[in-house]
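Notes to accompany the following structure.
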Amino acid sequence: MKVGDYPNLMILKELIAPIAVSEARLQEISAHIVDSKSEVVDHGLFVLAVSSVEVMISDVLNYFLRSFPQKLPSNEFKFDKGTFFENYFMLLNTVVNSHINGLAYKSFEDFFKKAMEYLCIDWPEFAEGFGNNIKEIKATRNLLLHNNLIVNDIYIDSAGSLKRALKRGGKLQIDKPYLVESLDVLIRFERQFNEKLKDKYKDYTKIKANKTLWTFLFKSPVMPFDDYWHYDEEADHIYALKQGEYEAVLSNSETLLLSLWRAHFNGTGEHMRRFNMIHFDSRYTENILFFLAIAAQFPFE
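Each step along the sequence shown adds one to the number in the working numbering, with nothing skipped, and position 200 is 268.
Encoded structure:
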């Protein structure tokens with residue numbers, strides 16, 4: 069099977085999870101800034117805040133590209149797309165991580181522009197609303213780490229239109245007002261980024277991912293998803309299994325794969341007592357391998 073033949077199991081909740089983690093950290097940093105009386109602590113919190121946002125963007129993009137590997141440049145694949153399976157996830161993760169690490173060496177403006185391109189998000193007001201501020205914030209962070217806040221050409225060239233110094237040699241300050249303003253910019257940026265993703269990918273629910281996986285695994289016309297599961301679309305929750313109308317006529321392979329799914333759903337081995345790989349026919353070999361590869365991280369309920 070080729071890369072594009074595997075089902076897209078992206079779930080919005082998982083896509084935006086890194087944003088929730090980062091925003092919680094930024095809120096905690098904001099609280100510590102108020103109480104801090106140490107310049108070293110303030111500087112450390114500032115560095116952590118900027119890094120948190122950078123990691124968040126990378127994590128969102130990482131999950132997205134693993135869901136849409138066909139969006140990666142073809143020259144990123146150093147292996148034949150049509151001949152591998154056993155190492156599919158390991159190789160895909162390696163390729164995605166390598167690609168994102170390469171993007172991260174670009175300027176923030178170029179990195180985020182590429183991320184938006186991959187995510188298919190149109191955000192024309194980003195530069196004016198956040199981009200210029202974040203560009204300067206990141207340049208200040210780099211200046212703190214690499215030149216003790218002494219203004220150099222790198223800062224002047226990278227800080228953009230909101231640079232806080234025009235000549236080399238002076239020293240920038242990271243005082244309380246600057247910290248508070250920077251945290252406010254980063255938090256507001258993350259919240260709007262979150263809303264952009266939610267609006268764009270609102271249809272990527274957990275139930276949709278389950279149905280997509282089900283359709284990939286089970287090709288039989290007597291195995292529609294709705295015949296086997298009770299679910300609440302509004303809550304995006306699968307809450308109970310049910311007996312399929314034609315379950316008695318399923319093949320051995322279908323019965324065993326269904327049992328494996330049910331075991332992952334309710335966490336018991338009740339459905340696996342007669343499980344034997346010998347009963348899987350060749351058509352289901354890749355299906356079962358794919359299922360086992362994603363089962364540990366996939367939400368079945």
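A virtual CB, placed ideally from N, CA and C, is assigned to each residue, including glycine.
Which of helix, strand or coil does DSSP assign to residue i?
i: residue 307; result: strand
i: residue 87; result: helix
i: residue 218; result: strand
i: residue 203; result: helix
i: residue 239; result: strand
i: residue 258; result: helix
i: residue 232; result: coil
i: residue 151; result: Here the model assigns residue 151 a pLDDT of 47, short of 50, so the residue's position is not dependable, and the following value carries that caveat. The answer is coil: DSSP assigns residue 151 none of H, G, I, E or B.
i: residue 245; result: helix
i: residue 318; result: coil
i: residue 77; result: coil
i: residue 366; result: coil
i: residue 179; result: helix
i: residue 293; result: helix
i: residue 197; result: helix
i: residue 284; result: helix
i: residue 140; result: coil
Between which two residues does the beta strand (DSSP E) harbouring residue i extend?
i: residue 190; result: Where residue 190 is concerned, there is no enclosing beta strand (DSSP E), given that its DSSP letter is neither H nor E.
i: residue 110; result: Here residue 110 belongs to no beta strand (DSSP E); instead the alpha helix (DSSP H) covers 107-135.
i: residue 225; result: Looking at the DSSP string, residue 225 is not in any beta strand (DSSP E); the run it does join, the alpha helix (DSSP H), is 221-226.
i: residue 299; result: 297-300
Just to confirm my understanding: we take residue i, look at its own chain, exclude 5 residues before and 5 after, and list those with CB closer than 6 Å. What are they?
i: residue 364; result: none
i: residue 86; result: 124, 127 and 128
i: residue 234; result: none
i: residue 211; result: 217 and 223
Kindly indicate the opening and closing residues of the alpha helix (DSSP H) around residue i.
i: residue 271; result: Segment: none, residue 271 is in no alpha helix (DSSP H) and carries neither H nor E.
i: residue 164; result: 156-172
Can you name, in chain order, every residue of its own chain whose Cβ lies under 7 Å from the Cβ of residue i, other than the five neighbours on each side?
i: residue 295; result: 312 and 313
i: residue 238; result: 219
i: residue 209; result: 114, 115 and 118
i: residue 206; result: 118 and 176
i: residue 157; result: 361
i: residue 97; result: 113, 116, 117 and 251
i: residue 229; result: 200
Just checking my contact of residue i with residue j at CB under 8 Å: how many whole Å lie between their CB atoms?
i: residue 191; j: residue 264; result: 6 Å
i: residue 83; j: residue 277; result: Not quite, the Cβ-Cβ distance comes to about 11 Å (not below 8 Å), so this is no contact.
i: residue 270; j: residue 304; result: In fact, because the Cβ distance is near 11 Å, the residues do not count as touching under 8 Å.
i: residue 356; j: residue 325; result: 6 Å
i: residue 366; j: residue 285; result: With a Cβ gap of about 12 Å, residue 366 and residue 285 do not count as contacting.
Quick check: the Cα distance between residue i and residue j, rounded to an integer number of angstroms?
i: residue 272; j: residue 81; result: 8 Å
i: residue 122; j: residue 89; result: 12 Å
i: residue 267; j: residue 253; result: 21 Å
i: residue 287; j: residue 180; result: 40 Å
i: residue 301; j: residue 215; result: 54 Å
i: residue 262; j: residue 168; result: 20 Å
i: residue 104; j: residue 224; result: 29 Å
i: residue 361; j: residue 258; result: 32 Å
i: residue 151; j: residue 368; result: Confidence at residue 151 is low in this model, with a pLDDT of 47, below 50, so the placement of that residue should be treated as unreliable; the coordinate-derived value is given next. If I take the Cα positions, the gap works out to 29 Å.
i: residue 202; j: residue 242; result: 15 Å
i: residue 163; j: residue 182; result: 17 Å
i: residue 149; j: residue 74; result: A caution first: residue 149 carries a pLDDT of 48, below 50, which makes its placement in the model unreliable, though a value can still be read off. Taking the straight line joining both Cα atoms gives about 12 Å.
i: residue 194; j: residue 178; result: 13 Å
i: residue 170; j: residue 101; result: 33 Å
Using C-beta distances below 8 Å, list every residue in its chain close to residue i, excluding the 5 sequence neighbours before and after it, in chain order.
i: residue 231; result: 204, 207, 223 and 224
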